[in-house]
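> Before we start, here is the structure in question, set down as structure tokens.
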Amino acid sequence: MRKNKILRIVVTLVAVIIAFGGIAAVLTRNKKKNAEKTAVVSQVSGDVAVRVSAVTRQALQADFNANGNFAPAQQVNLAAENAGRVTRVLVDEGSYVRVGQTLAVIEMDQLNIDAESAEAAYQSALRDQQRFENAYKTGGVTQQQLDQARLQASTAKSRLQQARIRVGNAAVRSSISGIVNKRMVEPGMVVNPGTALFELVDVARLKLALTVNEAQVANLRIGAPVSVKASVFPDKTFAGNVTFIAPKADASLNFPVEITLAANPGNVLRAGMYGTAVFRFPQQAAALVVPRGAFVGSTASNQVFVLDKGNVAHLRNVVAGRTIGEQVEILQGLNEGEQVITSGQINLHEGSAVTPIK
1 MRKNKILRIV
11 VTLVAVIIAF
21 GGIAAVLTRN
31 KKKNAEKTAV
41 VSQVSGDVAV
51 RVSAVTRQAL
61 QADFNANGNF
71 APAQQVNLAA
81 ENAGRVTRVL
91 VDEGSYVRVG
101 QTLAVIEMDQ
111 LNIDAESAEA
121 AYQSALRDQQ
131 RFENAYKTGG
141 VTQQQLDQAR
151 LQASTAKSRL
161 QQARIRVGNA
171 AVRSSISGIV
181 NKRMVEPGMV
191 VNPGTALFEL
201 VDVARLKLAL
211 TVNEAQVANL
221 RIGAPVSVKA
231 SVFPDKTFAG
241 NVTFIAPKAD
251 ASLNFPVEIT
261 LAANPGNVLR
271 AGMYGTAVFR
281 FPQQAAALVV
291 PRGAFVGSTA
301 SNQVFVLDKG
311 NVAHLRNVVA
321 GRTIGEQVEI
331 LQGLNEGEQV
341 ITSGQINLHE
351 GSAVTPIK
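Counted from 1, the sequence shown has number 220 at position 220 by the UniProt record's numbering; the numbering is strictly sequential.
Shown next as structure tokens:
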């Protein structure tokens, strides 16, 4: 009985030892496999994944469209020159007016009285000056007295001229030919110098205000012809010319440009409408190009990574030319057919091993 008990204990111990041995073997085998996998992963992760593109020779096309809004070629805000009561308003909103046409009249009674007083004072000063001139010849007055009389006559003349100007300004006249867009005055209103009276716009000649980027503005010239389309008249094309190119970019790094239309037949286009300028340029000569994304940082760096046949990246200096859309002309530093890296450059340095991906 005792022997059987001892035998069972021995068998149990042997079974436990065998079980632990099996577990240890499995763990060792798994550890080896994991180590092998880790080695493979390490080897793969050592190569930087990048995208590449071939250096190609293309005929560059600089054509592009730009959108904007129509604005009047001229817009004038007329304000009162004198203080007074408005006695007459001769135009309404929407009225067509010509240069010099009277739009409103401010009361002139006091202005006329002031002008008459200034005229009388001037004539009196002229008589005094003449009397002093004659007296000076006989020694009756001094040179200083004569100079004082001349000064008083000159001052009186200036006051008369100013009074006449105020009388002239009592009639508010149009400074352009165009349409009354806003009328801010009514008969009987009392106005002061600077009070807004009318807003005039010339829609017979419109301009299309838009913005272009730095690559596009490089191809524009003052006076260049441009075709213009309006969204409300898709079948019509209007002729225009570039009349303004901003010398400085705006806050969004775009350049304001204005296209003045040669004509607006029937005034069908109105200020505020949406329009598109169609810029067309002669066919460009074929040139080596790469995607903009190939440059390290930006095109200003003039550096790209070139991929050799062994999938190794090499930093190379190039000379960039024109930027047309997403393509950049290469003047020097690359050959047709070479592979340049277009993404993943942030993880690269000279001699980095890479893995091209699609």
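Glycine is no exception: its CB is placed at the ideal position from the N, C-alpha and C atoms.
Residue 303 to residue 357, Cα distance in whole Å?
21 angstroms
> Is the separation between the beta-carbon of residue 181 and that of residue 200 shorter than 9 angstroms?
yes
> For residue 35 and residue 314, what's the separation of their Cα atoms in angstroms?
With a pLDDT of 39 at residue 35, under the threshold of 50, the modelled position of this residue cannot be trusted, and the question is left open.
> Could you say if the stretch 306-323 and the stretch 248-268 meet the contact criterion of at least three C-beta pairs nearer than 8 angstroms?
no
> Would you report the Cα separation of residue 344 and residue 49, rounded to the nearest angstrom?
About 7 angstroms.
> Let me know the secondary structure DSSP gives residue 323 once reduced to three states.
strand
> Roughly how many angstroms separate the alpha carbons of residue 77 and residue 179, rounded to a whole number?
12 angstroms
> Rounded to the nearest angstrom, how far is the Cβ of residue 172 from that of residue 104, given a contact under 8 angstroms?
4 angstroms
> Short of 6 angstroms in beta carbon distance, which residues of its chain neighbour residue 217, apart from the five on each side in sequence? Order them along the chain.
255
> Using only CA atoms, which one of 87, 340, 131, 139 lies nearest to residue 185?
Nearest option by C-alpha distance: 87.
> Is the stretch 224-244 touching the stretch 272-281, taking contact as three or more C-beta pairs under 8 angstroms?
In short, these stretches touch, since the Cβ pair count reaches three.
> I'd like the ranges of any beta strand (DSSP E) spanning at least 3 consecutive residues and lying wholly in the stretch 164-250.
Within the stretch 164-250, the runs of beta strand (DSSP E) at least 3 residues long that lie entirely inside it are, in chain order, 171-173, 178-183, 196-212, 225-230, 233-245.
> Among the residues of its own chain, which have a CB less than 6 angstroms from the CB of residue 136, if the five just before and after it don't count?
146
> So, is residue 341 buried or exposed, given that buried needs 16 or more other C-beta atoms within 10 angstroms?
buried
> I'd like the list of long-range same chain contacts for residue 150, defined as Cβ closer than 6 angstroms, with 5 residues on each side in sequence excluded.
129
> Determine the extent of the beta strand (DSSP E) in which residue 106 is found, giving its start and end residues.
102-106
> Using the C-alpha atoms, what's the distance from residue 236 back to residue 58?
33 angstroms
> I need the boundaries of the beta strand (DSSP E) containing residue 86, first residue and last residue.
Start and end: 84-89.
> For the beta strand (DSSP E) that residue 93 lies in, which residues bound it at each end?
Per DSSP, residue 93 belongs to no beta strand (DSSP E) and is neither H nor E.
> So the candidates are 47, 65, 51; which of them puts its Cα closest to the Cα of residue 280?
65
> Start and end of the beta strand (DSSP E) containing residue 282?
Premise fails: residue 282 is in no beta strand (DSSP E) and is neither H nor E.
> Give me the Cα-Cα distance between residue 27 and residue 348, rounded to the nearest whole angstrom.
For residue 27, the pLDDT reaches just 45, beneath the cut-off of 50, and the residue's location in the model is therefore unreliable, although a value from the coordinates is still provided. One C-alpha to the other measures close to 39 angstroms.
> Is the stretch 186-193 close to the stretch 114-133, with three or more CB pairs under 8 angstroms?
no
> Since residue 312 and residue 333 should fall inside the 8 angstroms C-beta cutoff, what is the C-beta to C-beta distance between them, to a whole number of angstroms?
Incorrect: roughly 18 angstroms between the Cβ atoms, too far for contact.
> Does the beta-carbon of residue 142 have 16 or more other beta-carbons within 10 angstroms, so that it is buried, or is it exposed?
exposed
> Could you check whether residue 296 and residue 56 sit closer than 9 angstroms to each other, using their CB atoms as the reference points?
no
> Let me confirm a value: residue 269 is counted as buried when at least 16 other C-beta atoms fall within 10 Å, else exposed. Which label applies?
Counting Cβ neighbours within 10 Å, residue 269 comes out buried, since at least 16 surround it.
> State the CB to CB distance for the pair residue 220 and residue 68, rounded to an integer number of angstroms; the pair is presumed to be in contact (CB under 8 angstroms).
Cβ-Cβ separation between residue 220 and residue 68: approximately 14 angstroms, too far for a contact (criterion under 8 angstroms).
> Pick out whichever of 240, 325, 253 has its Cα sitting closest to the Cα of residue 223.
240
> Around the C-beta of residue 244, are 16 or more other C-beta atoms found within 10 angstroms, so that it is buried, or is it exposed?
Exposed, because fewer than 16 other Cβ atoms sit within 10 Å of the Cβ of residue 244.
> With distances taken Cα to Cα, identify the nearest neighbour of residue 95 among 284, 247, 183.
183
> Could you say which of 152, 174, 157 lies nearest to residue 101 if we only look at CA atoms?
174
> By Cβ distance below 6 angstroms, which residues in the same chain neighbour residue 72 in space, the five residues on each side in sequence not counted?
Taken in chain order, the residues that qualify are 201, 202, 203, 271.
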